[in-house]
Amino acid sequence: MNDLAIRTLTGVLMIAVALVASAIGGTLFAVAVAAAATAMYYEWSRITRSWGAAWKVGGFFYALLPAISLLWIRERDAHGLELLLWTFLVTWSTDIGAYFAGRSFGKAKLAPTISPNKTLAGLYGGIAAAALIGGAWALVTGLGTPLLILAPIFATAAQAGDLFESWMKRRAGVKDSGNWLPGHGGLLDRLDGLVPVAVLTATAQLLGLT
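With this note's numbering applied, the sequence shown has no gaps in its numbers, which climb one by one up to 321 at the end.
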């Protein structure tokens with residue numbers, strides 16, 4: 112099985128687990144989020160183990176804030192599930208759009224000193240995919256027109272989160288944050304974009320924009 116097939120299969124399984132836990136909600140979703148946050152902090156600690164105490168404290172909040180945000184989004188009101196799925200869709204479509212646009216059209220590098228494989232085409236492809244998918248979901252579910260504007264903005268934040276994690280790995284001299292997700296690396300490698308999107312979505316909900 113080639114790398115793309117392994118990557119796709121692992122991604123589909125992860126999405127299925129996330130969707131089931133989200134749909135059920137309650138304790139199951141809380142446990143799943145807590146487990147993911149714990150794994151994220153473990154991987155963060157391995158990457159930054161020689162960087163000092165401030166990085167360990169920073170990693171704690173890096174894992175905690177998106178976890179609290181996801182729980183807040185899901186359980187806040189009757190539209191929590193729809194907004195949670197919007198959060199996932201924006202993140203996932205950004206990642207997928209960036210991957211395929213970068214592979215198909217990528218020439219100009221986005222940040223070659225941080226992540227040589229990321230391109231401007233990937234950036235724009237991720238933003239476009241999130242605007243399309245996230246916007247369509249917001250319209251279909253009646254979540255509100257502000258999310259049409261927020262989707263491409265949050266897609267940009269997702270890719271900034273990806274670049275930040277890439278910078279961390281480059282500084283630490285490691286290729287992936289872990290090796291337990293075939294074709295993807297570690298959990299941080301897959302959730303680095305979700306971190307800012309989750310926090311920003313919860314903030315938008317608090318501000319009454321959703």
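Glycine residues also receive a C-beta, built at the ideal position from the N, C-alpha and C atoms.
Model, not experiment: these values are computed from the prediction.
Span separating the alpha-carbon of residue i from that of residue j
| i | j | result |
| --- | --- | --- |
| residue 285 | residue 311 | 28 Å |
| residue 148 | residue 174 | 5 Å |
| residue 245 | residue 170 | 29 Å |
| residue 199 | residue 150 | 19 Å |
| residue 95 | residue 262 | In this structure the chain extends from 112 to 321, so residue 95 is not present and cannot be described. |
| residue 155 | residue 289 | 10 Å |
| residue 146 | residue 209 | 27 Å |
| residue 233 | residue 225 | 15 Å |
| residue 141 | residue 321 | 22 Å |
| residue 162 | residue 282 | 10 Å |
| residue 296 | residue 287 | 5 Å |
| residue 309 | residue 222 | 24 Å |
DSSP bridge partner residues for residue i (one or two, in chain order)
| i | result |
| --- | --- |
| residue 222 | 226 |
Boundaries of the alpha helix (DSSP H) in which residue i is found, first to last residue
| i | result |
| --- | --- |
| residue 251 | 231-252 |
| residue 203 | 191-216 |
| residue 156 | 137-158 |
| residue 308 | 305-317 |
| residue 163 | Taken as a continuous stretch (DSSP letters only), residue 163 belongs to no alpha helix (DSSP H), as it is neither H nor E. |
| residue 272 | 257-283 |
Integer-rounded CB distance, given that residue j should sit under 8 Å from residue i
| i | j | result |
| --- | --- | --- |
| residue 197 | residue 258 | 6 Å |
| residue 202 | residue 130 | With a Cβ gap of about 13 Å, residue 202 and residue 130 do not count as contacting. |
beta-carbon residue i near the ligand HEM non-hydrogen atom, thresh 7 Å
| i | result |
| --- | --- |
| residue 229 | In terms of ligand content, the structure shown is empty, and the ligand HEM therefore cannot be addressed. |
Min CB distance residue i to chain D below 8 Å
| i | result |
| --- | --- |
| residue 305 | Chain labels in this structure do not include chain D; a single protein chain is all it has. |
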